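Here the sequence shown stands for residues 470 to 636, numbered as in our numbering.
Here a beta-carbon is modelled for each residue, glycine too, at the ideal position from N, C-alpha and C.
Predicted model, so just to flag it, every value in this text is computed and none were measured.
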Amino acid sequence: MTPAERFAAKVTAGPVPANLDTPCQLWPETSLDRDGYGRFWAEGRVVPAHRYAYEQHRGPIPAGLELDHLCTVRRCVAADHLDAVDHRTNVLRSNGPSAVNARRTECVNGHDLTDPANVHVAYPPSHPRGMRKCRTCARNRARRTREPQLAPAAPLPTRTTAERTAA
Ligand SMILES: [Zn+2]
Ligand SMILES: [Zn+2]
């Protein structure tokens, strides 16, 4: 059995997504990785099944690009449901929290997040792909915490040596 035959034997046709003309080709739920993408054994190693399908039918995936599922079904391996896009496009197109956040045009306090000068991208461990932070809010926060320290310190009561000795 060739790899292509093994591959074809694993796939079953699914529904036709509303935005496409052809059915999804579903990889078995029993051989998915922890993100829900199909895993296929080919040429001595495990490869993502949808990447394998894309390369078989449409050729090599250009360097630096990743595959976006137009049908949003991660275990779908239909080559025509896959689009090679850059990472940013892929994230923006998806409906994950980072994509929803990326589409927001204002921060919680109503500052403009479409103005690059107001946006700072941070990479905390919880958001390895980066999250947008509002600079105006950050400035305001910094000012609030700094102000008490900048206020002149109340003068310490000065007592004369005589008073201290008397006390
Ligand atoms: Zn699909
Ligand atoms: Zn803000």
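Hey, how far is the Cα of D555 from the Cα of R608? 32 angstroms
Reduced DSSP category for P517 - H, G, I as helix; E, B as strand; rest coil: Correct three-state label for P517: strand.
Classify E455 as helix, strand or coil using the three-state DSSP reduction. The chain is shown from 470 up to 636; residue 455 falls before or after that span and cannot be answered.
Is Y523 buried or exposed, if buried means 16 or more other CB atoms sit within 10 Å of its CB? buried
Under the DSSP definition of a beta bridge, which residues are partnered with M600? A591
Suppose contacts are defined by Cβ-Cβ distances below 8 angstroms. Is P517 in contact with Y506 by that definition? yes
T605 Cβ short of 7 angstroms to ligand 2 heavy atom set: Yes.
By the three-class DSSP mapping on this structure, what secondary structure does A553 have? strand
Distance check for P529 and V542, CA to CA, integer angstroms please. 21 angstroms
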